[in-house]
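If you read the sequences in order, they're chains A and B. Mapping to our numbering: the first sequence position 154 is 155, numbers consecutive. Mapping to our numbering: the second sequence position 34 is 35, numbers consecutive. Step one of this worksheet: look at the structure below.
Protein chains: 2
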Amino acid sequence: MNSWAIQQHPSTPDQARPPAPAAAPALGRDLHLDLTVRRTAGLGLRAALEDALREATADGSLAPGTRLPSSRALAADLDIARNTVAEAYAQLAAEGWLVSRQGSGTTVADRAPTRRPGPVPRPAPEAAIRYDFRPGRPDLDLFPRAAWLAATRRALARAPRDALGYSTSLGRYESRRALADYLGRVRGVRADPERILLCSGFAQGLALLGAELHARGTGPVAVESYGLRVHRELLEAAGPTTVPLPVDADGARTDLLPTDGTSAVLLTPAHQFPTGTPLHPARRAAALDWARATGGLVIEDDYDGEFRYDRQPVGAMQALDPERVVYAGTASKSLAPGLRLGWLVLPEDLVAPLAARKARADGQSSVLEQLALAELIESGGYDRQVRRARLHYRRRRDRLVAALATAAPRVQVSGIAAGLHALLRLPAGRTSEPDLQEQALQQGLALDVLSRFRHPLAEPDGLPPSLVIGFGTPPEHAFQRGLDVLGELLAANC
Amino acid sequence: MNSWAIQQHPSTPDQARPPAPAAAPALGRDLHLDLTVRRTAGLGLRAALEDALREATADGSLAPGTRLPSSRALAADLDIARNTVAEAYAQLAAEGWLVSRQGSGTTVADRAPTRRPGPVPRPAPEAAIRYDFRPGRPDLDLFPRAAWLAATRRALARAPRDALGYSTSLGRYESRRALADYLGRVRGVRADPERILLCSGFAQGLALLGAELHARGTGPVAVESYGLRVHRELLEAAGPTTVPLPVDADGARTDLLPTDGTSAVLLTPAHQFPTGTPLHPARRAAALDWARATGGLVIEDDYDGEFRYDRQPVGAMQALDPERVVYAGTASKSLAPGLRLGWLVLPEDLVAPLAARKARADGQSSVLEQLALAELIESGGYDRQVRRARLHYRRRRDRLVAALATAAPRVQVSGIAAGLHALLRLPAGRTSEPDLQEQALQQGLALDVLSRFRHPLAEPDGLPPSLVIGFGTPPEHAFQRGLDVLGELLAANC
């Protein structure tokens with residue numbers, strides 16, 4: 002019984018003749034449906050029959066109005082129990098594929114034929130990138146798979162029953178408590194667990210903040226004139242417009258923050274992205290003065306605050322005024338972006354509104370990963386991971402600096418006291434950003450250029466053309482060869 | 002060296018005298034800061050000193066303008082290296098706490114004192130609920146911790162490097178492929194992996210759909226006149242208003258769907274929530290006819306489609322017209338809500354817009370849990386879990402029905418061919434919903450009442466007062482006693 006056939010009905014009209022409108026047309030051709038494949042795939046006999054009928058109905062092989070054989074006839078045809086066929090017909094009628102009417106048998110429901118959905122074409126792969134030096138991504142080989150699995154095991158062993166259910170949108174309390182301790186100890190953040198919101202990466206945190214700011218007023222959000230475009234887009238999609246704040250060697254010009262209704266400023270105080278300078282103490286003070294004078298909010302994006310090499314990390318500015326500053330952190334650099342673990346430490350008056358927005362966005366973040374993070378922090382594994390990663394990136398930075406000093410001494414490397422990327426200032430007049438980027442790509446080397454991070458409304462500034470090199474991104478096996486390619490490229494162009 | 006003291010400065014002004022505005026006031030009292038606690042907590046000497054100074058500055062113990070001892074003097078005081086103090090001062094200056102000026106020493110930065118953020122009061126616990134029979138939640142003791150850990154282990158072992166990074170906002174392809182196979186096999190969904198969006202529970206999927214509908218036009222979304230309030234709220238927060246569609250014994254009255262601009266209809270075809278009836282085939286057809294005639298969208302909330310007891314599950318209506326129906330599913334019932342695993346199967350023209358909205362909401366969902374789900378599905382563990390859970394809930398349902406037949410034969414139990422909840426219709430005129438709910442709560446029994454699920458704009462209907470009982474919710478040890486309490490309550494009131 003590998004296939005079954007619904008025999009052509011004796012009264013089938015010729016294809017040239019239009020079917021009678023009232024009478025249900027019967028099957029126009031033999032219909033072979035392979036049940037074997039379905040049974041091999043584990044379906045029971047009735048389920049296989051249903052599936053075959055469903056597909057034939059959906060793809061038009063069984064046209065609307067087609068009258069099916071009686072269950073008795075089909076059962077005899079297939080040498081199976083009549084009840085099996087009757088049940089399959091009933092099931093498909095319940096689902097809307099067939100119509101069973103007392104006295105007139107079973108017909109295919111009268112509905113427009115549906116073409117089987119074609120596959121959506123998958124996007125073409127990126128041009129072959131052998132050396133990925135684009136910034137913003139950690140070395141994913143550093144992700145501590147064994148430690149994370151162990152933390153997950155402990156989390157699963159210890160999680161109370163209710164942890165697996167719906168909880169407060171802020172996140173599990175034990176995770177917020179572990180984070181509060183960690184952030185206080187390592188980043189100097191004044192973090193009460195009750196003010197922490199666990200979110201799906203900083204991306205979600207910023208989107209929620211943007212929506213809340215928009216709901217409170219129409220003022221724009223000031224952003225650094227160089228920064229991640231995705232952050233501007235997240236804010237703008239949430240409502241607020243963004244206005245650029247110039248950046249110089251001391252970081253963002255917070256002394257120029259507009260007092261005419263700007264609702265918030267997004268800063269990267271520990272390590273300006275992408276120029277790499279820390280925010281000068283006077284600029285920190287200016288931002289807080291502005292916040293106090295205008296009621297504005299400072300959003301502190303501490304995306305790589307744990308990775309400082311030449312001295313200890315600059316503490317978070319949130320502690321200077323926890324009621325004016327939202328501290329935003331993430332495990333995307335220390336662990337992996339794919340975990341989507343981010344957190345906001347909120348001023349008191351933002352806790353309830355942000356919790357409500359998080360609830361409306363997705364209820365809450367995934368619990369098990371929150372709990373695994375807490376286990377990792379409390380076991381000391383997170384600190385070990387940060388130390389290990391810091392050493393790794395420091396060594397890479399040193400190799401980058403050494404390679405460029407030899408190959409391209411005219412290129413000035415900056416922004417490397419911290420973080421996973423460097424700014425390479427190109428000597429004036431020798432080459433252009435797009436030209437160098439294109440040449441690099443032809444050799445399989447992906448990198449970024451400073452102008453790509455520029456706010457479209459930014460005033461002209463004196464910053465020379467520069468490359469932005471993410472030295473954390475490539476896997477180890479590609480790093481040295483990538484450095485060689487980069488060195489050759491710069492030697493030839495600078 | 003358990004604590005250190007900054008001695009009172011000889012020139013400290015008397016407290017009664019106002020400080021000279023130009024000269025920095027020195028310390029007004031002995032200041033004892035405990036370094037031991039900090040060192041025991043694992044901080045190095047310099048870090049402990051910094052932390053103590055930071056806290057004293059933040060809480061006002063060291064007031065703005067206070068001049069600190071020279072690094073030489075403090076080092077002698079503390080019997081530590083002068084360099085340690087100098088580095089601590091430099092660090093705190095970089096962070097904005099202190100100001101170091103050539104020739105005038107180090108003073109506390111001039112800024113408004115910040116009160117230490119007080120703890121936000123935690124919400125009071127719910128009144129003691131011993132028997133939780135509220136619907137919408139699975140028995141969390143069924144969560145297969147060992148199988149989930151094993152799936153996570155396999156996912157971690159197999160995940161390629163790039164899986165841990167940023168990926169398409171739709172979700173990992175291998176997870177969408179596993180889901181497409183599963184949904185096709187078990188729910189009859191026509192699911193191409195390229196049309197699946199993995200989201201953070203159905204909540205996020207619905208919020209994203211609501212925002213997309215709102216961006217496309219101003220039409221309201223029709224919802225069943227009885228349903229989850231949180232779904233209405235999610236839609237309305239995203240933009241669209243909602244209008245109620247009456248529900249009767251055949252499910253939602255899709256034959257009454259308005260053709261005047263209603264942009265979509267949210268349905269629970271397999272098992273209307275909370276009345277528990279499947280959508281009649283004619284109503285399925287009417288919904289699709291409406292969608293084709295108006296260009297409207299059908300959102301199929303298949304929240305518990307896998308849990309049908311008396312016959313095989315009614316297949317998803319999505320397969321009847323994949324270009325008009327969004328199929329929405331979740332692992333919240335089969336596994337646990339805390340995982341936040343949900344998925345949408347989208348019409349082709351919604352794939353790109355929804356992927357863009359997901360990207361702007363949070364980038365992508367957590368990768369490891371997606372991959373663990375794929376491992377669980379492909380190993381057959383997910384099917385085993387669903388079968389195990391189905392058997393468990395079926396037994397509970399049978400116990401509920403038996404208990405009520407004995408204790409309260411006048412109460413009519415319905416909606417129990419599927420799912421994790423039952424509708425208990427109360428005999429007319431004997432009691433009221435709020436009264437019964439209040440009596441139940443006094444005995445520690447939480448339950449829901451039908452009117453709570455009613456759309457505020459719904460027309461009067463003939464539905465009698467009813468309880469909505471989630472028999473899946475309580476842990477096993479509370480279930481039997483909870484049934485007894487429920488039975489006694491109904492016997493006394495009905």
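We treat Cβ as the ideally placed atom computed from N, Cα and C, and that holds for glycine.
In chain order, what residues of the same chain have a beta carbon less than 8 Å from the beta carbon of B/Gln-273, not counting five sequence neighbours either side? Glu-225, Tyr-227, Val-248, Gly-252, Ala-253, Pro-279, Leu-280 and Gly-416
Can you give the Cα-Cα distance for A/Ala-208 and B/Asp-363, rounded to whole angstroms? 8 Å
How should A/Gly-218 be labelled, buried or exposed, when 16 other C-beta atoms within 10 angstroms of its C-beta is the threshold for buried? exposed
Which residues does DSSP pair with A/Leu-413 in a beta bridge? Reading the sequence as shown, one finds Gln at residue 413 of chain A and not Leu. A/Arg-426.
Under 7 Å Cβ-Cβ, which residues of chain B neighbour A/Leu-214? Per Cβ cutoff of 7 Å: no residues; A/Leu-214 is ~16 Å from chain B at best.
Which term fits B/Gly-189, buried or exposed, when burial requires 16 or more other beta carbons within 10 angstroms of its beta carbon? buried
Are the C-beta atoms of B/Val-368 and some chain A residue less than 7 Å apart? yes
Just checking my contact of A/Ala-390 with A/Ser-170 at CB under 8 Å: how many whole Å lie between their CB atoms? With 8 Å as the limit, A/Ala-390 and A/Ser-170 do not qualify as a contact, their Cβ atoms being about 30 Å apart.
With 8 Å as the C-beta to C-beta threshold (strictly closer), list the residues of the stretch 286-316 of chain B near chain A in chain order. Ala-286, Leu-289, Asp-290, Arg-293, Arg-312, Gln-313, Val-315 and Gly-316
Spell out whether any CB of chain A is found under 7 Å from the CB atom of B/Gln-319. no
Please tell me whether B/Gln-386 has its Cβ less than 7 Å away from any Cβ of chain A. no
Can you tell me the Cβ-Cβ gap for A/Leu-405 and A/Gly-488, rounded? I've got them flagged as a contact below 8 Å. 7 Å
Taking three-plus beta-carbon pairs below 8 Å as touching, is the stretch 137-144 of chain A in contact with the stretch 331-343 of chain A? yes
Interface residues of chain A facing B/Asp-154 [CB-CB closer than 7 Å]: Contrary to the premise, residue 154 of chain B reads as Arg rather than Asp in this sequence. The contacting residues are Leu-150.
Could you give the first and the last residue of the continuous alpha helix (DSSP H) run that contains A/Ala-265? Counting along the chain, A/Ala-265 falls outside any alpha helix (DSSP H), though it belongs to the beta strand (DSSP E) covering 265-268.
Residue ranges of each alpha helix (DSSP H) within the stretch 347-386 of chain B, 4 or longer: 349-363 and 368-379
Cutoff 7 Å: B/Arg-341 Cβ touching any chain A Cβ: yes
State the Cα-Cα distance for the pair A/Glu-379 and A/Ala-156, rounded to the nearest angstrom. 11 Å
Distance, A/Leu-198 Cα to A/Arg-177 Cα: 8 Å
Which same chain residues, not among the five before or five after A/Tyr-167, have their C-beta less than 8 Å away from its C-beta? Gly-364 and Gln-365
Report yes or no: is there a C-beta of chain B within less than 7 Å of the C-beta of A/Pro-233? The amino acid occupying residue 233 of chain A in the given sequence is Arg; Pro does not appear at that position. Not closer than 7 Å to any Cβ of chain B, the Cβ of A/Arg-233 fails to qualify, so no.
Same chain, Cβ closer than 8 Å to A/Trp-149, five either side skipped, listed in chain order: Leu-336, Ala-373 and Leu-377
How many angstroms separate the CA atom of B/Asp-15 from the CA atom of A/Gly-463? With a pLDDT of only 37 at B/Asp-15, under the threshold of 50, the placement of this residue in the model should not be trusted, and no figure is reported.
Between which two residues does the beta strand (DSSP E) harbouring B/Val-100 extend? 99-102
Cβ of A/His-478 within 7 Å of any chain B Cβ: no
Within this structure, are the beta carbons of A/Glu-96 and B/Gly-277 separated by less than 7 Å? no
For the alpha helix (DSSP H) that A/Val-486 lies in, which residues bound it at each end? 477-494
Residues of chain A with CB under 8 Å from B/Asp-163, in chain order? Leu-141
Report yes or no: do the stretch 444-464 of chain A and the stretch 297-313 of chain A share at least 3 C-beta pairs separated by less than 8 Å? no
Name the two residues that bound the continuous beta strand (DSSP E) containing A/Pro-245. 243-246
With H, G and I counted as helix, E and B as strand and the rest as coil, what does DSSP make of A/Asp-163? helix
Measuring CA to CA, which of A/Tyr-90, A/Thr-269 and A/Arg-341 is closest to A/Tyr-328? A/Thr-269
Inter-residue spacing [alpha-carbon to alpha-carbon] between B/Val-346 and A/Leu-340: 23 Å
Taking A/Val-86 as part of the alpha helix (DSSP H), name the residues at either end of that continuous run. 83-96
Out of B/Gly-473, B/Ala-419 and B/Asp-436, which one is the CA nearest neighbour of B/Ser-467? B/Asp-436
Below 9 Å on C-beta distance, what does A/Trp-98 contact in chain B? Pro-282, Gly-316, Ala-320 and Leu-321
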